[in-house]
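Please read the structure below before turning to the comments.
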Amino acid sequence: MARSEAGLEAGLEASIEASIEAGRPPRRVLVRVAYAAPVPRSVSYGALLALVACGAATPTLLGPSEAEREELEAAPDLRRRLARSEHDFFRFANRPFARQVCADLGGAVRAAPTVNLHGDAHVEQYAVTPEGRGLADFDDATEGPAAIDLVRFGVSLEIVRRARGWDEGAGPFAAFLEGYRDALREPEAEQPPPAVAARMQATFTADREPFLREVEELMEPVEDAGVRAEIEEGYGRYRRMMEVEHPELPAHFFELRSYGRLRGGVGSRLDPKFLARVEGWTEAPNDDVVLEAKEVRELSMVPCVQSGTGRGGFRVLVAHARLTANPSPFLGIVPRAPSEAHDDPPFWVQEWSHNYRELELGALRDGGELRELARDVGVQLGRGHVRLIAAPFDSQLRFAQLEWLREREGWLREEVRRMTALVARSWRAYRDE
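Oh and the sequence shown: position 228 is 230 in the numbering used here, straight run, nothing missing.
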């Protein structure tokens, strides 16, 4: 139904005022104004320009692209999972989500410090290993404004809190920002592990047999001989690079035992990836090393981050190493063959730990544990966002990031509310298709 002129005028004025109060600066964008009635004469041309400049138009719903929808037809289990769970849908729609945050930042992105980004920060990325704890899975790791990580994790916290029926109380997002701010001020300060992390760690075992059996079950055979040849040639280049980097390893280390396609994940389910089992320190099967190779993800649809797959794919590795306390010694890239003329994305490689424990939402017992976890992740990002990116001037970047946070905290809180509502609308639309 078309809006009345009075309603349109009031709507325009409310949108302009809300945008100004939220601190959205002017930016150059073209916006489709979603009203069915003619613009009334009482609404000034200047007001319309202000609406466009502030970016107050209704954003497009998030969801799979047309290409992804076609691929989802071949993955009905994933399609059903996205329709059942708002948080899984949110995980899958990471890149359109980040694109919308970029758009909402507008011209303010130019004043935001460039930091190391995880790129897909959410509660279910939290993992515990013998080497440490925190956000894992760095497919979208890059550089850009901190708002990409801060807003995304804030929305994840809110979706989880609402789904579990927990009162907001002091608020998990407040705890998250507190940890982030404290780590920027005192990056070396110790942070006690959350209770849920301690319980996850208590499940560690020395027995690797179940883990290695699961790895073999996850591998899907690669039938195409040409693809097998490419995999083995690429792995050979990676192995030679690792042997140069780690001369202490015995000659049989990295001897390929088995490999196959990997189909797991939610956000990365449709990405090309492979799993390989290789010999470790001895020739005994129980100490074999498991490596995962993933195609470097193209992020060109997210305009405010470093988006390409250039630099040989090192974008992911660099952010990965800066955001984790103890990155795997076998973290690496699959070097391109000098004769390669095509421009396919490169692959990057990480090691799997048999004592890797990824958080399941049901493991959180109450809102207090969610706040504990939120603070812990805030500390990780507060340290990692600024680590080495401006070396030897990290302290200056920490100062600049604290100033940015002080000025933009109100906008961050409003953006988390706005994006939480957008995810909810988008998920319901997808679910009801």
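Virtual Cβ for every residue (Gly too), placed ideally from N, Cα, C.
Since the model is a prediction, treat every value here as computed from it, not as a measurement.
Report the residue from F178, N96, G134 whose alpha carbon sits nearest the alpha carbon of P447.
The chain is shown only over 3 to 435; residue 447 falls outside these bounds and no answer can be derived.
Closest to L63 by C-alpha separation, out of R81, H248, N96, would be which residue?
N96
Return the bridge partner residues of N118 from the DSSP annotation.
E145
Between which two residues does the alpha helix (DSSP H) containing R82 stretch?
78-86
Which first and last residues belong to the beta strand (DSSP E) in which W350 is found?
349-354
Helix, strand or coil for G267 per DSSP?
coil
Measure the alpha-carbon distance for A105 versus A114 and round it to whole angstroms.
14 Å
Here's a check: name, in chain order, each residue in its chain whose Cβ is nearer than 7 Å to the Cβ of D289, leaving out the five neighbours to either side.
G282, W283
Less than 9 Å between the beta carbons of K296 and F256, yes or no?
no
I need the straight-line Cα distance from L319 to L152, nearest angstrom please.
21 Å
Rounded straight-line distance, which links the Cα of P329 to that of L424
35 Å
Pairwise C-alpha distance: Q102 and R34:
Note that R34 scores a pLDDT of 35, beneath 50, so its modelled location is shaky; the value from the coordinates is reported in the next line. Taking the straight line from one Cα to the other gives about 15 Å.
Residues in its own chain within less than 6 Å of G121 by CB, not counting five upstream and five downstream?
D142, A143, T144
Any C-beta of chain C under 9 Å from that of E234:
No chain C appears in the structure shown, which is made up of a single protein chain.
Extent of the continuous beta strand (DSSP E) run through A295
291-297
Own chain residues within Cβ distance below 6 Å of P132, not counting five before or after:
N357
Could you tell me which residues DSSP puts in a beta bridge with Y261?
A278
Can we say the stretch 152-161 touches the stretch 415-424, given the rule of at least three CB pairs closer than 8 Å?
yes
For the beta strand (DSSP E) containing L137, name the first residue and the last one.
134-137
Quick one: any contact between the stretch 380-393 and the stretch 320-340, if contact means 3 or more CB pairs under 8 Å?
yes
Leaving out the 5 sequence neighbours to the left and right, which residues in its chain are closer than 8 Å to E218 when beta-carbon positions are compared?
S260, R279
What is the C-beta distance between I150 and L119, in whole angstroms, given that I count them as a contact (C-beta under 8 Å)?
5 Å
Residue burial classification, L186 (beta-carbon count within 10 angstroms, cutoff 16):
buried
Does the Cβ of E247 have 16 or more other Cβ atoms within 10 Å, making it buried, or fewer, making it exposed?
exposed
Taking the C-alpha atoms as reference points, what is the distance between L361 and G236?
32 Å
Work out the CA separation of A227 and P212 for me, nearest whole Å.
30 Å
So, are the CB atoms of R154 and A176 less than 9 Å apart?
no
R415, DSSP secondary structure in three states
helix
Simplified DSSP assignment, three categories, for R210
coil
Note down the Cα distance separating L264 from I233, rounded to an integer number of angstroms.
13 Å
Helix, strand or coil, according to DSSP, for V304 in the structure here?
coil
Buried or exposed: where does P40 fall if 16 or more other Cβ atoms within 10 Å of its Cβ makes it buried?
Here P40 scores only 39 on pLDDT, less than 50, and its place in the model is too uncertain to base an answer on.
I believe L375 touches Y128 by the beta-carbon criterion, under 8 Å. Please report the beta-carbon distance rounded to the nearest angstrom.
6 Å
Among P287, E285, E294, R86, which residue has its Cα nearest to the Cα of L1?
Nothing can be reported for residue 1: it is not among the residues displayed for the chain, which extend from 3 to 435.
Residues of its chain near A8, where Cβ-Cβ distance is below 7 Å and the 5 sequence neighbours each way are ignored
In this prediction, A8 scores a pLDDT of 49, lower than 50, which makes its location untrustworthy; the coordinate-derived value is nonetheless stated afterwards. So no residue of the chain qualifies.
Between the CA atoms of E250 and D396 - distance to the nearest angstrom:
33 Å
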